[in-house]
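Right, one structure below, let's go through it.
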Amino acid sequence: NAGVTQTPKFQVLKTGQSMTLQCAQDMNHEYMSWYRQDPGMGLRLIHYSVGAGITDQGEVPNGYNVSRSTTEDFPLRLLSAAPSQTSVYFCASRQKPTSGGSYEQYFGPGTRLTVT
Amino acid sequence: GDSVTQMEGPVTLSEEAFLTINCTYTATGYPSLFWYVQYPGEGLQLLLKATKADDKGSNKGFEATYRKETTSFHLEKGSVQVSDSAVYFCAGQAGTALIFGKGTTLSVSS
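Chains as they are written, first to last, in my numbering: chain F, 71 to 186; chain R, 76 to 185.
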C-alpha cells in the first residue's frame, strides 16, 4: 500500500491564481480530511469527508473547496490564492470509527504552498 | 466547542533526561485521545492512543494515561534520545474529526 499520497510537494502561486492539491489513499478509508499547518497554530481542519459524495466544513474553510467523487480521492481547490494561504497542507484518512472505538489517522507527506 | 490544550515549547533536554509534555482536553463526553509525532520534513505519525478512562497508551518508550478526573493525557518518557527530537501533537476525536493541540517542539542534545 502506498498509504496517503499528495501532489505536488511544493508549489508557488501568485495572488489570484487557482490550483488543486491532490490527495489519494489506497486503504479504502471512508474518512478523509484536509489540514493546514502554520507556525504556532498547530493543525487546523479545513474540510473533511465521511464518504463519497459527503463533505463538510472544518475550522477554516474559507477560500477552499472540496469534493469527494470516489472513496480514494479528495482534492482541495484554492479558488483565488491569497498570501494568507501560504502554509503546509496535509491530507489524512482513517477508517470509520466503530462504537466505542477509534482508528489511527494516516497522514500524507504534505504540500508546501507559497503564495506571493 | 471541543478543544485540546498542550504545553507550549520549545522543550530542550539533554539525552537521557525525563520528558513530560502536558495535554488537557475540553469536550462533550470522553473522546479518544492520541499523541502524534512529526519528524522534520515529514507528515504526522501516530505515536500512541487511549480510547477510555484509565487506558495507558505506550510506544517506543513513550507513555500516556487517560485521566478522566483531570481531563488530561500527558506524554512521558523516562530517558529521551537525540532521535526523539520532533514536534509532538496531542489530539482528541471530536465526532468525525480529530482536533489537534498546537504542538510542542522537543530538542534533545547529546
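In this text, a Cβ means the ideal position worked out from N, Cα and C, and glycines have one as well.
### Message
For a cutoff of 7 Å on Cβ pairs, would you count Gly178 of chain R as touching chain F?
### Response
yes
### Query
From Asn98 of chain F to Leu83 of chain F, what does the alpha carbon distance come to, in whole angstroms?
32 Å
### Task
Mind listing the chain F neighbours of Thr171 of chain R? Cutoff is C-beta to C-beta under 7 Å, in chain order.
Tyr101, Tyr118, Val120
#### Entry: Nearest-angstrom Cα separation, counted from Ile116 of chain F out to Tyr134 of chain F
In a straight line, the C-alpha of Tyr134 of chain F is about 8 Å away from that of Ile116 of chain F.
#### Entry: Cutoff 8 Å; reference Pro145 of chain F; Cβ partners in own chain excluding five residues on either side
Excluding positions up to five away in sequence, the list reads Thr90, Leu91, Gln92, Cys93, Val136, Ser137.
### Task
Look at the alpha carbon of Gln165 of chain F and the alpha carbon of Gly112 of chain F, and state the distance between them as a whole number of angstroms.
Straight through space, the alpha carbons of Gly112 of chain F and Gln165 of chain F are spaced by roughly 23 Å.
### Query
How would you write the range of the beta strand (DSSP E) that Arg114 of chain F sits in, first residue to last?
Taken as a continuous stretch (DSSP letters only), the beta strand (DSSP E) holding Arg114 of chain F covers 112-121.
### Task
Check whether the Cβ of Thr144 of chain F lies closer than 7 Å to any Cβ atom in chain R.
The amino acid occupying residue 144 of chain F in the given sequence is Phe; Thr does not appear at that position. No, its Cβ sits nowhere closer than 7 Å to a Cβ of chain R.
### Task
Give a yes or no on whether the minimum CB-CB distance between Gly118 of chain R and chain F is below 7 Å.
Yes, because at least one Cβ of chain F sits closer than 7 Å to the Cβ of Gly118 of chain R.
### Message
On the DSSP letters alone, give me the boundaries of the beta strand (DSSP E) that Arg182 of chain F sits inside.
### Response
181-185
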